[in-house]
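Shown next, in structure tokens, is the structure this report addresses.
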Amino acid sequence: MSHQQPRPALDSLEIAAGNGLLHRRAFLTNGAALAAAITGYTLSDTAAAQQLTDAPWSTRPGTPIPEYATPSSFEKNVVRTLSNPRGEPRTQHARTPHHLLNGTFTPNGLHFVISHSGAPDIDPAQHVLVIHGLVKRPLEFTLDALGRYPMTSRMTFVECGGNSAALFSNEPVQASAQAIHGLVSCAEWTGVRLSTLLEEAGIDPKAKWLIAEGADSLALSRSVPMSKALDDAMVALYQNGERLMPGNGYPMRLLLPGWEGNMNVKWLRRIKLVDQPGMSYYEARTYAPILPNGKAYQFYFLQEVKSFITHPSPGLKMNGPGFYEVSGVAYSATGRIAKVMVTADSGKTWAEAALQEPVLSKAFTRFRLPWKWDGGPAVLQSRAWDEAGNVQPTRAEVIARRGQTKTPVTNPAAFPSQHYNGPTSWAIDRTGEVKHVYV
Amino acid sequence: MCMYKRVVHRSVVLTSLFVFMFMFAFVSAQGPSTTPGASLGKPISELDVAAWDISILPDGTGLPPGSGTSEQGAKIFATKCSVCHGENGKGGTAAALVGGEPLTSGIETAKTVANFWPYATTIFDFTRRAMPWPRPRTLTNEEVYALTAFILAQNKIIGASDVMNAQTLPKVRMPNRDGFIPRFPERIP
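Chains A and B are the protein sequences, given in the same order. For the first sequence, the numbering used here assigns the number 1 to the initial residue and increments by one for each residue that follows. For the second sequence, the numbering used here assigns the number 1001 to the initial residue and increments by one for each residue that follows.
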């Protein structure tokens, strides 16, 4: 026994809020040894250790290393969920398994996709981007030409306008963070600033909007204000260092950091500068949420400040009382995340979470908070603030303004409305099951 | 570009680069008539873009020549559209194109041409670019005008004998034209 360092007791850590939420710097002040000893969901404490032996994989050479790696076979459940796996003639969703990931980058194979007619199999040698309309010189760009421009990289989340829409249900839908929030992901995108290409074409001052169009079979098109196009828009060619995934727009997509996913037109082939919005199907109809008074919002544009807890969340069963890390992601179209507060007692008391550096504008910010679960009922929820002073509204505030369904939503893949950015509450019962609730 | 060949001495490259940058700075100062930046875009005429230029604006900009009536549209609809949208657009595996509940019925009310779409031009634009689902952009402009007339007439937004063309279509007043609020008015150009 003498060779073991005595562990600081969990009870000695500083309490920050009710139901066992610890101070976000509890481990920093109590030493790294404690953190190393007791992090993770499968905490074992005093059980006697067995004598160690070599496992079979340690006694013979391993398998050959492949040209392009895929995750361990033990991770085969870490996949997207598909709404339309046979590609029937309707929209397909592939949702990111947030509860099985950590950090802030979404791996390319797990980045969410919404496609309204599948992924076109584009030959990059034949694909071109045209910029025309209210310009001095209409121009055509090959992928090879775009690859020679000065490039820029930035971490940015992309979120479908319909993400989290199940929370408009008047009763909490029983579904995972993946099913409810799986239509948002975050990647490092690299490409050419759109302003560079627009300035080369020469912008006619009469141009107020541009219409971006894809090379998919629907030729999906969206109207974008010139102010956004000249601010931080990018023609993205790379996603997390490699070429874009086919479902994410290979070989090029429009990237509008922080703005409604559908506007980030994939398989981008044409940009037309115009003096008025096109009122395309997806802006005039689909992404225009109906309000309780029968009017509808038009041109929502922004994916407003939001956060949700990924650990714990439905599908991750608690492994007995004791230490856990509560963590999740927060993001905002209007800048960096400034603060995330977490409650474990349905909102009665709150503790400020630690924000994982670097905290980047319009990107996922991972928040973390140590928690000592006493094994009793708990309701976890997070709320985020951004640097522009925008606050993630309560669900009651969202519903007061936006309404909710009259009957419970049973299919979490349905979109009763769009642009929900209220909080999500996870209730934990004595058995360790995690359920979705409203508080 | 010779600048990328290894045989070129580094100092030559640097000198060339400085000369180029100096020239660029000088040329840029001449005013907006010069092409800025890397200038790797290839000029293309609007004529050569025409086949891709399928955007229709609400004021009718982009509408092609041609015309169609609801009667003509009904025949085309029966052969090319009803397999998914149901007989006369009553709905099938794809959305109904006729009717619709009032939007005050609830936030999840199905959005239809009759209860929601603010501009008739969107029907032409979307039908031409995206329909029929398995064979998009196979309809002639005449067929798209006729189908647009059919959908509008079925919803009693235009008369049964009204002709839709580049002049008449933008003038169609959609029932929910004034039903929208910009979410962030300060961001609308």
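Cβ atoms here follow ideal geometry from the backbone N, Cα and C, with glycine treated the same way. Computed from a predicted structure; not experimentally measured.
| query | result |
| --- | --- |
| Please decide whether Leu101/A counts as near chain B, where near means a Cβ-Cβ distance under 7 Å. | no |
| Entirely within the stretch 241-322 of chain A and at least 3 residues each: give me those beta strand (DSSP E) ranges in chain order. | 253-255, 268-274, 296-298 and 306-311 |
| Do the CB positions of Leu139/A and Pro124/A come within less than 7 Å of each other? | no |
| Taking Tyr1119/B as the query, report the chain A residues whose CB atoms sit under 8 Å from its CB, ordered along the chain. | Met279 and Ala284 |
| Out of Lys1171/B, Met1164/B, Val1172/B and Pro1170/B, state which residue places its alpha-carbon closest to the alpha-carbon of Gly1068/B. | Met1164/B |
| What are the residues of the stretch 1048-1061 of chain B that lie near chain A, defined by any Cβ-Cβ distance shorter than 9 Å? | Asp1048, Val1049, Trp1052, Asp1053, Ile1054, Ser1055, Ile1056, Leu1057, Pro1058, Asp1059 and Thr1061 |
| From Leu273/A, Ala396/A and Arg80/A, pick the residue whose C-alpha is nearest to that of Glu171/A; which is it? | Ala396/A |
| Would you decide whether Ile65/A is buried or exposed? Buried here means 16 or more other CB atoms lie within 10 Å of its CB. | exposed |
| Using a 10 Å radius around the Cβ and a threshold of 16 neighbouring Cβ atoms, would you call Ala236/A buried or exposed? | buried |
| Name the chain B residues that come within less than 8 Å of Ser153/A, Cβ to Cβ? | Within chain B, no residue comes near Ser153/A; the closest Cβ sits about 18 Å away, beyond 8 Å. |
| Measure the Cβ-Cβ separation of Ile1107/B and Ser417/A and say whether it is below 7 Å. | yes |
| Which one or two residues does DSSP pair with Tyr324/A in a beta bridge? | Trp371/A |
| Should Ser83/A be flagged as near chain B, meaning a C-beta pair shorter than 7 Å? | no |
| Going by C-alpha distance, which of Phe1116/B, Leu1169/B, Leu1152/B and Glu1087/B is nearest Asp1178/B? | Phe1116/B |
| If you draw a straight line from the C-alpha of Val1144/B to the C-alpha of Val78/A, how long is it? | 45 Å |
| With DSSP run on the structure shown, which of helix, strand or coil describes Ala1025/B? | Confidence at Ala1025/B is low in this model, with a pLDDT of 42, below 50, so its placement is unreliable and no value can be given for it. |
| Could you tell me whether any Cβ in chain D is nearer than 7 Å to the Cβ of Pro1064/B? | Within the model displayed, chain D is absent; protein chains A and B are what it includes. |
| Suppose the cutoff is 7 Å on Cβ atoms and the five residues either side in sequence are ignored; what does the same chain contact list for Trp347/A look like? | The question names Trp, yet the displayed sequence has Gly at residue 347/A. Result list for Gly347/A: Gln381 and Val439, in chain order. |
| Quick check: Leu255/A and Trp189/A, are their CB atoms within less than 7 Å of each other? | yes |
| Is His419/A helix, strand or coil by DSSP? | coil |
| Helix, strand or coil for Gln1154/B per DSSP? | helix |
| Count the other C-beta atoms from every protein chain shown that fall within 10 angstroms of the C-beta of Asp11/A, then say buried if there are 16 or more, exposed otherwise. | exposed |
| Give a yes or no on whether 7 Å exceeds the smallest Cβ distance from Glu200/A to chain B. | yes |
| Between Ala1149/B and Gly1073/B, what straight-line distance do the alpha-carbon atoms span, to the nearest angstrom? | 7 Å |
| Below 9 Å between beta carbons is the criterion; list the residues of the stretch 285-312 of chain A that meet it against any residue of chain B, in chain order. | Arg285, Thr286, Ala288, Pro289, Ile290, Leu291, Pro292, Asn293, Gly294, Lys295, Ala296, Tyr297, Gln298, Phe299, Tyr300, Phe301 and Leu302 |
| Which residue wins for smallest C-alpha separation from Ala94/A, given the options Met245/A, Tyr300/A and Met341/A? | Met245/A |
| Taking Cβ positions, are Pro377/A and Ser169/A nearer each other than 7 Å? | no |
| So Ser1055/B and Lys372/A are in contact, right, with Cβ under 8 Å, and what is the actual spacing, rounded? | The Cβ separation is near 58 Å, so there is no contact. |
| Less than 8 Å between C-beta atoms, sequence neighbours within five positions excluded: which residues of the same chain meet that for Thr196/A? | Tyr149 and Pro150 |
| Ends of the alpha helix (DSSP H) at Lys1080/B? | Ser1070 to Lys1080 |
| From which residue to which residue does the alpha helix (DSSP H) around Phe1124/B run? | Thr1121 to Ala1130 |
| According to DSSP, is Leu1017/B helix, strand or coil? | Low local confidence applies: a pLDDT of 47 at Leu1017/B is under 50, so the model's placement there is unreliable, with the coordinate-based value given in what follows. Residue state, collapsed to three classes: helix. |
| Select from Ser425/A, Gly432/A and Asn102/A the residue whose C-alpha is nearest the C-alpha of Gln174/A. | Ser425/A |
| For Lys1042/B, write down the residues that DSSP places opposite it in a beta bridge. | Glu140/A |
| Going along the chain, which residues of its own chain have a beta-carbon closer than 8 Å to the beta-carbon of Ala1096/B, five neighbours each way excluded? | His1085, Gly1086, Gly1089, Lys1090, Ala1110 and Thr1112 |
| Can you tell me where the alpha helix (DSSP H) holding Glu199/A begins and where it ends? | Leu194 to Ala201 |
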